[in-house]
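Note sheet for the following structure.
Protein chains: 2
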Amino acid sequence: MTATVVDDLRAELPQGRVLVDPDVVAPYRRDEAPRAEAGRPVCVVRPRTAVEVQQVVQACLRHHVPVVPRGAGTGLSGGANAVEGCVVLSTEHMTAIREIDAVERLAVVEPGVVNDALRAACAERGLWYPPDPASAPWSTIGGNVATNAGGLCCVKYGVTRDYVLGLQLVTGTGELVRIGRRTAKGVAGYDLTGLLVGSEGTLGVITEVTVRLRPARDPERTVAGYFPSLAAAGRAVAAVAEAGLTPSALELIDRHALVAVDAWKHMGLSAEADAVLLGRTDAPGDAGEREAEELLACFTGAGATWAASSTDDEEAEALFSARKLAHPALERLGQVLTEDVCVPRGAVPDMLARIEEIGRRHDVRIATVAHAGDGNLHPVFVVPTGDDDARHRAETAFEEVLDAALGLGGTVTGEHGIGLLKRAGLVRELPAPVLAVHVAIKQALDPHGILNPGKVIACAPRS
Amino acid sequence: MTATVVDDLRAELPQGRVLVDPDVVAPYRRDEAPRAEAGRPVCVVRPRTAVEVQQVVQACLRHHVPVVPRGAGTGLSGGANAVEGCVVLSTEHMTAIREIDAVERLAVVEPGVVNDALRAACAERGLWYPPDPASAPWSTIGGNVATNAGGLCCVKYGVTRDYVLGLQLVTGTGELVRIGRRTAKGVAGYDLTGLLVGSEGTLGVITEVTVRLRPARDPERTVAGYFPSLAAAGRAVAAVAEAGLTPSALELIDRHALVAVDAWKHMGLSAEADAVLLGRTDAPGDAGEREAEELLACFTGAGATWAASSTDDEEAEALFSARKLAHPALERLGQVLTEDVCVPRGAVPDMLARIEEIGRRHDVRIATVAHAGDGNLHPVFVVPTGDDDARHRAETAFEEVLDAALGLGGTVTGEHGIGLLKRAGLVRELPAPVLAVHVAIKQALDPHGILNPGKVIACAPRS
Chain Y
138 MTATVVDDLR AELPQGRVLV DPDVVAPYRR DEAPRAEAGR PVCVVRPRTA VEVQQVVQAC
198 LRHHVPVVPR GAGTGLSGGA NAVEGCVVLS TEHMTAIREI DAVERLAVVE PGVVNDALRA
258 ACAERGLWYP PDPASAPWST IGGNVATNAG GLCCVKYGVT RDYVLGLQLV TGTGELVRIG
318 RRTAKGVAGY DLTGLLVGSE GTLGVITEVT VRLRPARDPE RTVAGYFPSL AAAGRAVAAV
378 AEAGLTPSAL ELIDRHALVA VDAWKHMGLS AEADAVLLGR TDAPGDAGER EAEELLACFT
438 GAGATWAASS TDDEEAEALF SARKLAHPAL ERLGQVLTED VCVPRGAVPD MLARIEEIGR
498 RHDVRIATVA HAGDGNLHPV FVVPTGDDDA RHRAETAFEE VLDAALGLGG TVTGEHGIGL
558 LKRAGLVREL PAPVLAVHVA IKQALDPHGI LNPGKVIACA PRS
Chain A
138 MTATVVDDLR AELPQGRVLV DPDVVAPYRR DEAPRAEAGR PVCVVRPRTA VEVQQVVQAC
198 LRHHVPVVPR GAGTGLSGGA NAVEGCVVLS TEHMTAIREI DAVERLAVVE PGVVNDALRA
258 ACAERGLWYP PDPASAPWST IGGNVATNAG GLCCVKYGVT RDYVLGLQLV TGTGELVRIG
318 RRTAKGVAGY DLTGLLVGSE GTLGVITEVT VRLRPARDPE RTVAGYFPSL AAAGRAVAAV
378 AEAGLTPSAL ELIDRHALVA VDAWKHMGLS AEADAVLLGR TDAPGDAGER EAEELLACFT
438 GAGATWAASS TDDEEAEALF SARKLAHPAL ERLGQVLTED VCVPRGAVPD MLARIEEIGR
498 RHDVRIATVA HAGDGNLHPV FVVPTGDDDA RHRAETAFEE VLDAALGLGG TVTGEHGIGL
558 LKRAGLVREL PAPVLAVHVA IKQALDPHGI LNPGKVIACA PRS
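Chains as they are written, first to last, in our numbering: chain Y, 138 to 600; chain A, 138 to 600.
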């Protein structure tokens, strides 16, 4: 009998790296996307070094078996879901922070390092790693890089791609290579690093990440506003942009999300407002004071019924907790499908109106929280558990929301990625010749089609 | 007789688009890289629309003729140099600024728009396009995008790639497509936009650029320091990084450059200092005052013999004029070869010492100006006109400087690009499997090998 990929991995890797027990393997089958299909892996491998990752990829190449890289599994698009018969490669044991350098302002980490762990280690050195997805307490830098994760501070500081200087990875042909750099600038060759970021494991398996850091920033001031309508809140967002302000966060919570938070935590928000905007500024010194005042003026000018600013950490945290509680509060009400469209800032009020209309028409409860300053909206579709009809209506509404975003010049995914859930959306968003370029790149970098196949874009291997 | 590509272009394009007179064509043969070879084009085409660009590429595809895109020709690596028998595609007549949007903070421009023209148009709207290469008065946005141009403000605000949201381009298969987006965030598919930026016309011909803008910033304060040695200036650069400061510029001028400026403009700088550091801060309000003071403290702490800060525009401009005059001052002394290595910030003193040593050993006058805060050094090799032996020594020294930068963990090009001059350097910098990925991408996006062939990376077309 010929050896299988599992036989080879067991023979080649140190003891304990390969998991095959179905009960142990089961939790590795999917990420947090509720609707996406998931296959059964032949095993889960937990390598501890880059060379072990290379051995895994080379074994998969020899056996023509797909390899699905996986961080913490907090993804929302099915990007880390197992493919039938694959090897799941978990980075959970690659958690070393190898280096934090204050002069070069960079850190070098293994892919399994948790985002918050890196941020804490940087803070000890007076440094800051900005990308802050909501999953930061659990999600890994490798997963953040694979999905080009966003977060609250993107509105001022950009997304994960803006902080990735270099990568070590195993290519689709099984080579262990470094791309990118440690220098502040560099234009030697194509931007392979940027191409790998957000490629969801389909172009290479990341074994090390070099990230750019910033100096620690000044404490933030928070500005909150209660609005009598989504339209008024939308006007405030546009006013902030027009005034030339650059808040370090600008978040929106709609009435449905406020009601769900109140039902759970009795904060009384939904009695006060139809929409809440939460802004932050981290401009230093008197500039921060001035920016907070200007944010307030934008809020009140747009019709806020109440608005106030605060430098008190506790008060500010209480205000932001409603934003953080929205998702778990909605999960109490049933199964949730979380959307992730992004539209031009100026189209936020229109998009919010379209979401309301779609929800009404399909009788689906849609609560929206949003990185409003970026135009990145997360409508959350709530489906009462076991209600198949409601689930079907929600799925239809979900696709209509995608089309509405595209119609407003937006994208089907602002920060969660394509994975499995948005593949049809990607095909609606990109014209055929651009999809063809995606296929050409996928085939160029993964000629044998073993790297997380079927994710992002469906395509046949070249050989 | 079968029609040539020139016949086709003349037949298909409106009158006046195609230039063939050798005297008219001659200035389009090369950019500003003195050592790079340049072929003879069969014609120069100056399209006025994206569709005309597409017609040019399609004609080149039919005739298997290379197409070499060209902006203002201010490049320093030969990237825009004609390939023998090619069509040079000049964007000089595509100069429309289509849109500047304050709410979305973006501009949409044709590729031939001059950098300073875009910056001026943005300033009128209270907006700012940061990338500021020294060539900004002449170089085009298309050329800046093709080379991922840097400049002075990169040290705080990043390079051209950080500002390109989307592109319209003609692909290697002659399709006119849009990639990227107009939204603040978006992760739908691979980052083709980032891949195209810095690809020097080898992966597509850019017909429109959507750039991200910032609100206009506060006026800058300038901090200047005179240092008794390069080592002391290098220590000051490291001290600035360690202190958590983020100046909006941090430039260095070495003794040889100061002497050349003095010989021309009699500023008396070289009598005062062996090296001058020029810092700027644009932090708002009292934070700017504080940062200027902290920059001063770093300068004096590192051994500056004189240091002062200024908010006086005239005084500050006088200080920075020495930096701007360095290159033309050196050009008065002979032919200049401009290097563009980038090393980790902490390695700047070592790299400066290596450059001095290499200059001494090969008896070559090397003056260095540097974006010191980025570790991006521009050693300028001065060769007396007509001195072939000196020229040969300078070329040897040039290659040794590249190796020295690589030895310190740096790159052969920080912001000028590979073009023709740095192709050998790229091969020394990147390991074979990474070069192979470059070739695979080039062949995937330019399967017929007609897009600026031979630049960046030498590779045979796939078909």
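Just so it is clear, CB atoms sit at the ideal spot from N, CA and C, and this is done for glycine as well.
Distance, Cα to Cα, Leu489(A) vs Leu367(A)?
7 Å
Limits of the unbroken alpha helix (DSSP H) element including Tyr294(Y)
Cys291 to Tyr294
When you compare each of Gly422(Y), Pro570(Y), Pro365(Y) and Arg172(Y) to Ala408(Y) by their alpha carbons, which one comes out closest?
Pro365(Y)
If you draw a straight line from the C-alpha of Ser600(A) to the C-alpha of Gly422(A), how long is it?
Model confidence at Ser600(A) stands at a pLDDT of 46, short of 50, so the residue's coordinates are unreliable; what they give is reported in the following sentence. Those two C-alpha atoms are separated by around 60 Å.
Among the residues of its own chain, which have a CB less than 7 Å from the CB of Gly471(Y), if the five just before and after it don't count?
Val519, Val520, Pro521 and Thr522
Give me the DSSP bridge partner(s) of Asp391(A).
Ala412(A)
Let me see if you follow: with CB-CB separation under 8 Å, is Lys402(A) close to chain Y or not?
no
Rank Met404(A), His230(A), Val188(A) and Val179(A) by C-alpha distance to the C-alpha of Val205(A) and give the top, closest one.
Val179(A)
8 Å contact criterion, which Thr475(A) and His515(A) should meet: CB distance rounded:
6 Å
Does the separation of the CB atoms of Leu557(Y) and Leu340(Y) fall below 8 Å?
no
With 8 Å set as the bound, which would you pick, yes or no: does the beta-carbon of Ile343(Y) sit closer than that to a beta-carbon of chain A?
no
Beta strand (DSSP E) segment containing Thr347(A), residue limits
Val342 to Arg349
Could you check what DSSP says for Asn281(A) in three-state terms: helix, strand or coil?
helix
Cut-off 8 Å between Cβ atoms - residues of its own chain near Ala444(A), not counting five sequence neighbours on either side:
Val360, Ala361, Gly362, Tyr363, Leu433, Phe436 and Thr437
So Cys291(A) contacts chain Y; which residues on that side make the cut at Cβ distance below 7 Å?
Lys322
For a contact meaning CB atoms closer than 9 Å, what does Asp525(Y) contact in chain A?
Ordered by position in chain A, no residue passes the 9 Å Cβ test against Asp525(Y), which lies about 30 Å from the chain.
Report back the beta-carbon spacing between Arg609(A) and His393(A) to the nearest angstrom; my notes put them in contact at under 8 Å.
Residue 609(A) lies beyond the stretch modelled for chain A, which goes from 138 to 600, so this question has no answer here.
So His575(Y) contacts chain A; which residues on that side make the cut at Cβ distance below 9 Å?
Gly326, Tyr327 and Leu329
Got a sec: which bits of the stretch 556–570 of chain Y sit with their beta carbon under 8 Å from any beta carbon on chain A, in order along the chain?
Lys559, Gly562, Leu563, Glu566, Leu567, Pro568 and Pro570
Classify Leu432(A) as helix, strand or coil using the three-state DSSP reduction.
helix
Answer with buried or exposed for Arg199(A), where buried requires no fewer than 16 other C-beta atoms within 10 angstroms of its C-beta.
exposed
What is the rounded straight-line gap between the Cα of Thr228(A) and the Cα of Gly295(Y)?
31 Å
Name the two residues that bound the continuous alpha helix (DSSP H) containing Cys259(A).
Asn252 to Glu261
Which residues of chain A have a Cβ atom closer than 8 Å to the Cβ of Cys596(Y), listed in chain order?
None at all; the shortest Cβ gap to chain A is about 12 Å.
Who are the near neighbours of Gly331(A) in its chain, counting only those whose CB is closer than 7 Å to its CB and skipping five residues on each side?
Arg298
Chain Y contact residues for Ser336(A), given Cβ-Cβ distances below 7 Å
Tyr327
Can we say the stretch 276–294 of chain A touches the stretch 143–162 of chain A, given the rule of at least three CB pairs closer than 8 Å?
no
Going by C-alpha to C-alpha distance, which of Ala581(Y), Arg565(Y) and Phe535(Y) sits closest to Val517(Y)?
Phe535(Y)
Answer yes or no: do Ala603(Y) and Ala353(Y) have a C-beta to C-beta separation smaller than 8 Å?
In the structure as shown, chain Y begins at 138 and stops at 600. Residue 603(Y) is therefore absent and cannot be evaluated.
Enclosing alpha helix (DSSP H) for Gln152(Y) [first to last residue]:
Note, Gln152(Y): premise wrong, no alpha helix (DSSP H); not H, not E.
Going by beta-carbon coordinates alone, are Thr320(A) and Val314(A) separated by less than 8 Å?
no
Is there at least one Cβ from chain A nearer than 8 Å to Arg491(Y)'s Cβ?
no
Counted within 10 angstroms of its Cβ, other Cβ atoms place His508(A) as buried (16 or more) or exposed
buried
Taking 8 Å as the cut-off, does the stretch 539–555 of chain Y touch the stretch 479–488 of chain Y (at least 3 CB pairs, one atom from each stretch)?
yes
Nonlocal neighbours in the same chain, by C-beta distance under 7 Å from Thr232(Y), ignoring five residues either side
Glu247, Gly249 and Val250
Within chain A, partners of Asp423(Y) - CB distance below 9 Å
Pro421, Gly422, Asp423 and Ala424
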